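A quick write-up on the structure given underneath.
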Amino acid sequence: MNIIEIGGLTKKFGDFAAVDNMSLTLKEGEIFGFLGANGAGKSTTISMIASLLRPTKGEIKFLGKNIAKNAHFAKMNIGMVPQDLAIYEDMSAYENVRFFAGLYGFRGGELKARVEEALSFVGLGDKQKELPKNFSGGMKRRLNIACAIAHRPKLIIMDEPTVGIDPHSRNYILQSVKELNRMGCTILYTSHYMEEVEEICTRIAIVDHGKIIADGTKEQLKAIITDSKEIWIDVKSVEGLNQEQLKEIRGVLSVRIEEQRIKIQSRAEIGNLNDIVQQLIRDGMEIRAVEEQAPNLETVFLTLTGRNLRD
Amino acid sequence: MNTLHIAKKEIVTALRNKSTFIFMLAFPIALMLILGLALSNAFSGSVEIDDIKMAYKIDQASPALAAGWQSFADAAEESGVTIEALPPGQDGKQAVKEAQYAAYAEVSDQGIDFYDNSRSTIESNILQGMLTSFADRYNLVAAYANAGASSPASDAGQTSVQLVKTSSLTPDSKPNSMDYYAIAMTTMIALYAALSSASLIESERSRHTIVRLSAAPVSKTEIFAGKVLGGTVINAIFIVAVMLLSHFAFGANWGDHPGHVLLVLLTEVVMAVGFGLAAGMIFRNKASQSFLLIFIQIASFVGGAYFPVDDFGGFIGAISYYSPLRWNNSGVMQTVFGGDTSAALWAACYNLAGAAVLLAICMFLIRRRETI
Ligand SMILES: Nc1ncnc2c1ncn2[C@@H]1O[C@H](COP(=O)(O)OP(=O)(O)O)[C@@H](O)[C@H]1O
Ligand SMILES: [Mg+2]
Chain A
0 MNIIEIGGLT KKFGDFAAVD NMSLTLKEGE IFGFLGANGA GKSTTISMIA
50 SLLRPTKGEI KFLGKNIAKN AHFAKMNIGM VPQDLAIYED MSAYENVRFF
100 AGLYGFRGGE LKARVEEALS FVGLGDKQKE LPKNFSGGMK RRLNIACAIA
150 HRPKLIIMDE PTVGIDPHSR NYILQSVKEL NRMGCTILYT SHYMEEVEEI
200 CTRIAIVDHG KIIADGTKEQ LKAIITDSKE IWIDVKSVEG LNQEQLKEIR
250 GVLSVRIEEQ RIKIQSRAEI GNLNDIVQQL IRDGMEIRAV EEQAPNLETV
300 FLTLTGRNLR D
Chain B
0 MNTLHIAKKE IVTALRNKST FIFMLAFPIA LMLILGLALS NAFSGSVEID
50 DIKMAYKIDQ ASPALAAGWQ SFADAAEESG VTIEALPPGQ DGKQAVKEAQ
100 YAAYAEVSDQ GIDFYDNSRS TIESNILQGM LTSFADRYNL VAAYANAGAS
150 SPASDAGQTS VQLVKTSSLT PDSKPNSMDY YAIAMTTMIA LYAALSSASL
200 IESERSRHTI VRLSAAPVSK TEIFAGKVLG GTVINAIFIV AVMLLSHFAF
250 GANWGDHPGH VLLVLLTEVV MAVGFGLAAG MIFRNKASQS FLLIFIQIAS
300 FVGGAYFPVD DFGGFIGAIS YYSPLRWNNS GVMQTVFGGD TSAALWAACY
350 NLAGAAVLLA ICMFLIRRRE TI
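Structure representation (structure tokens):
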């Protein structure tokens, strides 16, 4: 069953189309990744799904029903984890979740049970009485999630839920997403972190300039890239490296540097590794390791958009 | 239900906030003390009830009315208010303008025409209160006109006040400076409700929680109603606390009709909450705070919060009538010192009319927005 069907969705701010004639289908039980650089239109799209913004054009259906005409039904069954923390710092973790869950009509014992369930799910069961102002960034992010799941939505929309947190909390959140999915929730997961999306999502759409430019499983997406490969070369220090010379080498498409790692994208059919290594030695590089990468989502993204995901 | 849920959250968090207590409780009480004590001397001279003198002329009155009037005047005399017949050949209105009398009344079977001097608000409030309760007893229609030298409307129209309720004379009411400032500070702090209300909706925006509220199955109207209700209840709690504190700690006089006084104050709070919400939506956070502070300061100054609005003439005198505090102070004082509950009802009506307009503006703005 399709939980979300989007057709011809457009959102304009003035003349600028933040979402541009987008069509998309989410099936029940998926963890659907929405991958795109900042400003691609991810938040605008999910805001329309969550009834926060009205589409300029197009239609959104939730479980077969138009969300504009069945707003109550859609809202009752959708949980939204906003990109910006949306919690009251002057109310305890418990009160935060209780207030938001209360908006879904729960009262009394049932409300209490759901609040406690949501808090222990995100690992804040023993911090219920504490104020979020004393929480770490990761704990706040987890509370942000708890506030969105206490009403047990069928679809949970998460807008960059791991921005700016420590690896431990990030991992906790990713595991929670998988757990929620196992419990039967469909997840729409927005991120500009390729590794996260690759790790947890069953299907991925790449968004750019308000459009979906590719979608499918990671394998399907990677299969798009058959004509290029990526070579990673670790060196002791990149000081003295002449990037321009590297780019002159036959077949080299792009060169990026991440700390002591030189990432070179190159045409797949051209054997130019010798030339590359010789050039690096001429530049005085001390080579530690050379690795040819299988295509990953980052290369897919780069190839499709011509831009780096984090630019 | 959602409205109550949202209102409850506002109330609980406000009551948890120390600054709410400082602002809504400590601030007005401190001002009452300072103003009430510091100005007690200057003050008592001008409002001691013994000093109040009113002239009257009786025309075409039935014997019953004439006798009733005489006993009324005698009773007033006992409480220190001098009510004397206008000496023949003298112009009553002129005498009021020249401040020989605080007020002048023309009594007839058609009603009482009342002329006061806008420079002596408190005296006039007391006299008006006494007169309307007298008139009420005799089923008259009291007409009140302001004969103040500076008011352009004075001769043009005499407003008739249809009396609706019997109220007793409270001849021993004697407002001292503490009584005055207890009322003036309470009506002022009720207006300050606008300041905290400005952020009721805007703070949800700045904390991004507006996203959750909008994503939840709650209508904009429910959210708005919850905010108005929450803001009103919080401020009402503090208003009642200020009244009780001023009464029990400083012995401030709140009169024999606390229900009516409360009605004025509560309707004033609703109006102030609407005012704050509208300002918050129009100007957005910071600018709305400055706007409201300036507005409330001016309204307080010209509306009688810091001293009785006696000597204002010209421009300031004219704008003072637009200060919500002027009609609220006047309504409460006439009720407390004159036992005139209809004054309270009128003030409450003005407040509710103001509230209705402001809340309608808010609803209009909310409907135009995508999210609340
Ligand atoms: N309310 C708005 N008014 C005008 N422009 C907006 C508004 N919201 C978003 N945009 C623009 O729309 C584009 C997409 O934004 P957004 O959906 O937030 O992207 P993402 O979530 O992918 O980073 C951006 O260029 C952004 O500046
Ligand atoms: Mg975004």
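Chains as they are written, first to last, in numbering that gives the first Met the number 0: chain A, 0 to 310; chain B, 0 to 371.
Note that CB positions come from ideal geometry on N, CA and C, so glycine has one too.
Predicted model, so just to flag it, every value in this text is computed and none were measured.
Taking the Cβ of Asp158(A) as the reference point, at least one heavy atom of ligand 2 falls within a distance shorter than 7 Å.
Listed in chain order, the non-local C-beta contacts of Ile148(A) below 6 Å within the same chain comprise Gly78 and Ala117, local neighbours out to five positions each way being set aside. Contact check for Asn234(B) and Val263(B): beta-carbon distance about 14 Å, past the 8 Å limit, so the pair fails to qualify. Gln288(B) and Ser42(A) have their C-alpha atoms some 31 Å from each other.
If you measure from each CB to the nearest heavy atom of ligand 1, the residues under 6 Å come out as Phe12(A), Ala17(A), Gly35(A), Asn37(A), Gly38(A), Ala39(A), Gly40(A), Lys41(A), Ser42(A) and Thr43(A). By the beta-carbon neighbour count (other beta carbons within 10 angstroms, threshold 16), Ala66(B) is exposed. It is roughly 7 Å from the alpha-carbon of Val241(B) to the alpha-carbon of Pro27(B).
Beta-bridge annotation (DSSP): Gly78(A) is paired with Ile155(A). For Tyr103(A), the C-beta contacts it makes with chain B under 7 Å involve Ala215 and Pro216, in order along the chain. Within the stretch 236-297 of chain A, the runs of alpha helix (DSSP H) that reach at least 4 residues and sit entirely inside it are, in chain order, 242-247 and 272-281. Here Asn95(A) is buried: its Cβ has 16 or more other Cβ atoms, across all protein chains shown, within 10 Å.
At a cut-off of 8 Å, the C-beta of Glu369(B) has a neighbouring C-beta in chain A. Beta-carbon to beta-carbon, Lys126(A) and Ala85(A) are separated by about 18 Å, too far to satisfy the 8 Å threshold. A straight-line Cα-Cα distance of about 37 Å links Ile121(B) and Lys285(B). With respect to chain B, the C-beta atom of Leu142(A) has no partner C-beta closer than 8 Å. For Gln82(A), the CB falls within less than 7 Å of some heavy atom of ligand 2. By the criterion of a C-beta distance shorter than 8 Å, Asn69(A) is surrounded in its chain by Phe61, once the five residues flanking it on both sides are discounted. Per DSSP, Ile86(A) is not a residue of any beta strand (DSSP E), being assigned neither H nor E. Here the alpha carbons of Gly239(A) and Ala16(A) stand approximately 44 Å from one another. Secondary structure of Leu52(A) (DSSP, three-state): coil.
Taking Glu221(B) as the centre and dropping the five residues before and after it, the same chain places the C-beta of Asn1 and Thr2 closer than 6 Å to its C-beta, in chain order. Your pair Ile182(B) and Thr370(B) does not check out as a contact, with CB atoms roughly 41 Å apart and the cut at 8 Å. The distance from the Cβ of Ile205(A) to that of Ile211(A) is about 7 Å, consistent with a contact at the 8 Å cut-off. DSSP places Val106(B) in no alpha helix (DSSP H) but in the uninterrupted beta strand (DSSP E) bounded by Ala102 to Ser107. In this chain, Lys128(A) is not harboured by any beta strand (DSSP E), its DSSP state being neither H nor E. DSSP, read as helix, strand or coil, puts Ala213(A) in strand.
Under the 8 Å Cβ criterion, the stretch 103-116 of chain A does not count as touching the stretch 131-138 of chain A, having fewer than three qualifying pairs.
Under the DSSP assignment, Leu276(B) falls outside any beta strand (DSSP E), being part of the alpha helix (DSSP H) whose first and last residues are Pro257 to Phe282. Gln127(B) is a Cβ neighbour of Gly337(B), given a cutoff of 8 Å. Neighbourhood of Thr208(B) in chain A, by CB distance below 8 Å: Ala85, Ile86 and Tyr87, in chain order. Counting along the chain, the unbroken beta strand (DSSP E) around Tyr114(B) starts and ends at Gly110 to Asp115.
Contact between the stretch 97-108 of chain A and the stretch 173-185 of chain A is not established, with fewer than three Cβ pairs separated by less than 8 Å.
Close to Lys8(B), with beta-carbon spacing below 7 Å, are these residues of chain A in chain order: Phe98.
Taking the C-beta atoms as reference points, Leu142(A) is found nearer than 8 Å to Leu123(A).
Thr216(A) and Ile45(A) have their C-alpha atoms some 20 Å from each other. Interface annotation for the stretch 9-22 of chain B against chain A: Val11, Thr12, Arg15 and Asn16, criterion Cβ-Cβ distance under 9 Å.
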